[in-house]
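Protein chains in written order, with my numbering: chain S, 33 to 389; chain H, 69 to 419. These notes concern the structure reproduced below.
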């Protein structure tokens, strides 16, 4: 096995399967099955914990190996069916942060059998101009599975947007790129784990509803440090008035996004520096995610036990938590290359007290 | 019924925005050629198919029109990697964020409609609906590629694939009004081995969603004795007032109102009763908003009828229609065409 990971057709197909799978927070089974199938043959241990996280260990060789937690969340935002209104119309609530302005007029897949449904909207002909100045609320929308299909859906079923994975030139368009890009990256890292570390892989649950899986995974592994693999928003669109967009968060095509600070975490400066130095030494493009709101599983991980030095590296993605996100293939490749190179250069003295700054 | 599904899926997968109907017109033309005596294209792009009658010339004729054009969008300007768009036909911009589209540039480019983050929008749109003029299309391409492949005026069509929702229903975009084109095709198929007294013109009309220009000019050119427009009407669903909507699968909608000749409406009702085809009556307002209006006032006036097929979520990319309603409409149209004889126009007297 070649020890430097790359993104080729096989990895692309795996990402396609992962993004097309439905795994709304708390119901991650479909993605968990894919993950287990992929990693079981290549790890030393793999288990599913009490919350549904997949925890896998791939041990290295030699002395003084760092125990490194790599985490990517399996869950995605979506919907949960709350009530059957009429034969084929179902009320629902959103799970995770979904902007209700994205819902009207979209197809969905409901439940384990992926029953097709649509979220309709009142015909424009019957709306008043006042009405069109108001957002359509979730309360006013229903999932319609078609006359005669009502019995195939029940309260509690999860639903996701029904978008299929597609290539768009140099980019990828899919639902749930947040965080199947991280999941696919982590699988490749497990496959090509450097021997200088013990790689502790956590495919976590319920990130989108409060970082629930990552907290217990970090407790269980008790690692020396953690790297969180996620997809972070790219807000690199033009402003309506053509003014400069200074709050882009990240930009597509500018490489992996390294976190410094977000609402939940002040990222470990030694690890940030290690990633930056690795990128510059290897000629790998990178960007610093603009400090600000948002967060990753690091928010739960870094305060676990007596503290776990943590950093996050994300593939930039436009329109997360919507029917169709857009990410750049080169960013994914460079994220995988950067994290792999950074792991291979990890030494215990990196974690000595940071007195350089 | 099963025969209609693959054809309808093909119909809604062919592009043909108002004024740019060529792709879908060619596809319909291929299907109509074997089942009509002649097929031609009008000056404004409507498709005309003639099934010749047997009465001596000058022969009366029936025109049945179903518009084939689709709503969609058009590129207004290119900004770096992104495209600004305007609507073609009536669209509620609130259904657009997150829609999958195809940009018809120098090649077909898949993309998605983006709602920019709040801080990039005018203050009044940060929390509420975003106007179409502030939405963007993202093709995933780099700015130089976009500049090379896309320019203002390029069409943007919905890319939602057809969804077989339940046994008798199909969901997708442009079922308004390709569902009616399918019904008209069923009518032609049913008449294939039958002799008609009258000439029958089947017309897939152009430009209905913008100007009704196709049906108006086809009716003038063909000067039929009678005209029937087939279009979708509101299917019952969430948010749609029940007094304005019709259940899917419960039958054909026979319209009445100022655009419709009362004696013609009565004839259709009696025919449906006789054939035991379920139907509901819809009273359309002063202007039905369909090809019926354009044909009624063509030339020196044409007695016109309007038939509706219930459709949920009209003018969204997830419209839903019942296949049963389509085939019933096709059968009713065929039986009406077959019932016309030399005396029919005399029966069409005003009270």
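Glycine residues also receive a C-beta, built at the ideal position from the N, C-alpha and C atoms.
Since residue i meets chain H, which of its residues come closer than 9 Å, beta carbon to beta carbon?
i, result
"residue 176/S", "233, 239, 305, 306, 380, 381, 386, 388"
"residue 202/S", "208, 209, 210, 213"
"residue 355/S", "165, 166, 167, 168, 180"
"residue 267/S", "184, 185, 187, 188"
"residue 173/S", "306, 307"
Counting only beta-carbon separations shorter than 8 Å, does residue i have a partner in chain H?
i, result
"residue 47/S", "no"
"residue 21/S", "Because residue 21/S is not part of the residues shown, which for chain S are 33 to 389, the question remains open."
"residue 205/S", "yes"
"residue 152/S", "yes"
"residue 282/S", "no"
"residue 34/S", "Below a pLDDT of 50, predicted positions are generally treated as unreliable, and residue 34/S, at 46, falls in that range; no measurement from the model is reported."
"residue 195/S", "yes"
"residue 350/S", "yes"
"residue 272/S", "yes"
"residue 198/S", "yes"
"residue 212/S", "no"
"residue 291/S", "no"
"residue 286/S", "no"
"residue 73/S", "no"
Along chain H, which residues have their Cβ under 8 Å away from the Cβ of residue i?
i, result
"residue 183/S", "Under the 8 Å cutoff, chain H gives no residues; its nearest Cβ is about 11 Å from residue 183/S."
"residue 164/S", "160, 161, 162, 197"
"residue 121/S", "305, 306"
"residue 134/S", "165, 166, 183"
Going by beta-carbon coordinates alone, are residue i and residue j separated by less than 8 Å?
i, j, result
"residue 222/S", "residue 106/S", "no"
"residue 185/S", "residue 142/S", "yes"
"residue 172/S", "residue 87/H", "no"
"residue 140/S", "residue 234/H", "no"
"residue 73/H", "residue 238/H", "yes"
"residue 158/S", "residue 309/H", "yes"
"residue 277/S", "residue 284/S", "no"
"residue 128/S", "residue 248/S", "no"
"residue 182/S", "residue 119/S", "yes"
"residue 259/S", "residue 368/S", "no"
"residue 359/S", "residue 345/S", "no"
"residue 146/H", "residue 219/H", "yes"
"residue 209/H", "residue 200/S", "yes"
"residue 349/S", "residue 213/S", "yes"
"residue 346/H", "residue 318/H", "yes"
Under 7 Å Cβ-Cβ, which residues of chain H neighbour residue i?
i, result
"residue 156/S", "158, 159, 160, 383"
"residue 168/S", "162"
"residue 277/S", "188"
"residue 302/S", "Ordered by position in chain H, no residue passes the 7 Å Cβ test against residue 302/S, which lies about 32 Å from the chain."
Go ahead and label residue i buried or exposed: buried means 16 or more other beta carbons lie within 10 angstroms of its beta carbon, across all protein chains shown.
i, result
"residue 239/S", "buried"
"residue 385/S", "exposed"
"residue 352/S", "buried"
"residue 217/S", "buried"
"residue 315/S", "exposed"
"residue 355/H", "exposed"
"residue 261/H", "exposed"
"residue 87/S", "buried"
"residue 276/H", "buried"
"residue 269/H", "buried"
"residue 167/H", "buried"
Residue i versus chain S: which residues are under 8 Å apart at the beta carbon?
i, result
"residue 228/H", "139"
"residue 317/H", "179"
Can a CB atom of chain S be found closer than 8 Å to the CB of residue i?
i, result
"residue 354/H", "no"
"residue 309/H", "yes"
"residue 76/H", "no"
"residue 223/H", "no"
"residue 236/H", "yes"
"residue 102/H", "no"
"residue 183/H", "yes"
"residue 302/H", "yes"
"residue 204/H", "yes"
"residue 148/H", "yes"
Starting from residue i, follow the beta strand (DSSP E) in both directions and report where the run begins and ends.
i, result
"residue 76/S", "No beta strand (DSSP E) contains residue 76/S, which DSSP labels as neither H nor E."
"residue 119/H", "115-119"
"residue 308/H", "Looking at the DSSP string, residue 308/H is not in any beta strand (DSSP E), and its letter there is neither H nor E."
Can you name the residues of chain S whose CB is closer than 7 Å to the CB of residue i?
i, result
"residue 336/H", "Under the 7 Å cutoff, chain S gives no residues; its nearest Cβ is about 24 Å from residue 336/H."
"residue 312/H", "158"
Taking only heavy atoms of the ligand GDP into account, decide whether any of them is closer than 7 Å to the Cβ of residue i.
i, result
"residue 40/S", "No copy of the ligand GDP appears in this structure; indeed no ligand is present at all."
Locate the alpha helix (DSSP H) running through residue i, then write down its first and last residues.
i, result
"residue 302/S", "301-314"
"residue 41/S", "41-52"
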